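This note's numbering puts the sequence shown at residues 85 to 332. Just so it is clear, CB atoms sit at the ideal spot from N, CA and C, and this is done for glycine as well. The structure displayed is predicted, hence computed values, not measured ones.
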Amino acid sequence: MAAASVIIICWRHSPLYWTLRNREYYEVEGLIRSVSSGAIAPVKGSYIVEMLENGERIMPRQDTHHRAFWRSSELQAIFNALRAKFGTTEATRRFCKLFVAFSYRWLSITEPDPDMFHLTRVGEAAKLYIKSQSKSMGIKQLVFAPLGIENVDFALLWDWTSLFQARSRKSGHRTAKQSMLYRKGISYASIWYGHAHTVTWMNTAMPATVSPTHVKYTASGWCWAESRVSATLKPHGQLVDLGSVDVG
Numbered sequence: 085m086a087a088a089s090v091i092i093i094c095w096r097h098s099p100l101y102w103t104l105r106n107r108e109y110y111e112v113e114g115l116i117r118s119v120s121s122g123a124i125a126p127v128k129g130s131y132i133v134e135m136l137e138n139g140e141r142i143m144p145r146q147d148t149h150h151r152a153f154w155r156s157s158e159l160q161a162i163f164n165a166l167r168a169k170f171g172t173t174e175a176t177r178r179f180c181k182l183f184v185a186f187s188y189r190w191l192s193i194t195e196p197d198p199d200m201f202h203l204t205r206v207g208e209a210a211k212l213y214i215k216s217q218s219k220s221m222g223i224k225q226l227v228f229a230p231l232g233i234e235n236v237d238f239a240l241l242w243d244w245t246s247l248f249q250a251r252s253r254k255s256g257h258r259t260a261k262q263s264m265l266y267r268k269g270i271s272y273a274s275i276w277y278g279h280a281h282t283v284t285w286m287n288t289a290m291p292a293t294v295s296p297t298h299v300k301y302t303a304s305g306w307c308w309a310e311s312r313v314s315a316t317l318k319p320h321g322q323l324v325d326l327g328s329v330d331v332g
């Protein structure tokens, strides 16, 4: 038996594989609950584009203005409208394309993207995702056009800005409540990455200036877990490697 076949068999008998078959990885409730609980603050794709165009670095959640984030009520309203129009199953497939999880390597101990290396790729990808006319993957055609909504946007899970960080410039160390929400956010993140209908963006590339000893994406256990979880239930087209994109 080929080694690849053995790996596949072992994977399908692992606890993680069966965990991902839980209904939360096929329905919308867990995604919306991750936001309504305060554990995850999804960043608006349009805000990421704005930061890139203004040449501004993304900040930790505690230091980011509330206008950058989606509210759970906004997301719930979109899903309710889609469900009324298409029914639950089709509405779920369409709605979940609004949820994008970002997998990448931190480039320093204190800040993941000090020189905007990741932001450049994510920002360019966000522009394309917002403008896409694709009928199978484009959120404009899947979500906003059918509802008569002109402003197209999506929800991005970027850990630095979506989760409460251990320390921020403005407020110092996170509070006990923020620490609790951080732990819940880490747990909920598995739904964002592993959900059958969401999208995962990976940036496997590293800047030329990074130290040769810095652990690369493919050697990182954390990144491996995110990419592995993402690949379990998703069709291939919903797992995108931004590292293969030339951004000039």
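Unbroken beta strand (DSSP E) run spanning residue i, endpoints
i    : result
W285 : V283 to M286
V324 : L323 to D325
A185 : F183 to S187
Cα-Cα separation between residue i and residue j, rounded to whole angstroms
i    : j    : result
H320 : H281 : 11 Å
T173 : S255 : 43 Å
Y109 : K181 : 13 Å
V133 : K261 : 30 Å
G171 : L231 : 14 Å
R258 : F186 : 23 Å
I223 : S295 : 38 Å
P126 : S218 : 23 Å
E310 : L241 : 12 Å
W276 : T297 : 30 Å
D147 : F248 : 10 Å
V299 : E113 : 35 Å
A168 : R177 : 14 Å
I270 : M135 : 25 Å
Residue i vs residue j beta-carbon contact at 8 Å
i    : j    : result
S157 : K268 : no
A239 : V324 : no
D237 : K128 : yes
S246 : I124 : yes
R179 : L191 : Correcting the residue identity first, residue 179 is Phe in this sequence and not Arg. Cβ atoms of F179 and L191: not closer than 8 Å.
G278 : S304 : no
Extent of the continuous alpha helix (DSSP H) run through residue i
i    : result
S274 : A260 to G278
L203 : F201 to K215
A315 : G305 to L317
A175 : T172 to F179
R117 : E113 to S120
Identity of the residues DSSP links to residue i by a beta bridge
i    : result
L161 : Checking the displayed sequence, the identity of residue 161 turns out to be Ala instead of Leu. According to DSSP, which records beta bridges pairwise, A161 is partnered with nothing at all.
G256 : S252
K128 : A239
F153 : V127
I want to know whether the stretch 204-218 touches the stretch 282-290 - three or more CB-CB distances under 8 Å. The stretch 204-218 and the stretch 282-290 touch, with no fewer than 3 CB-CB distances between them shorter than 8 Å.
Touch check for the stretch 189-202 and the stretch 141-157: three-plus C-beta pairs under 8 Å? Short answer: they touch.
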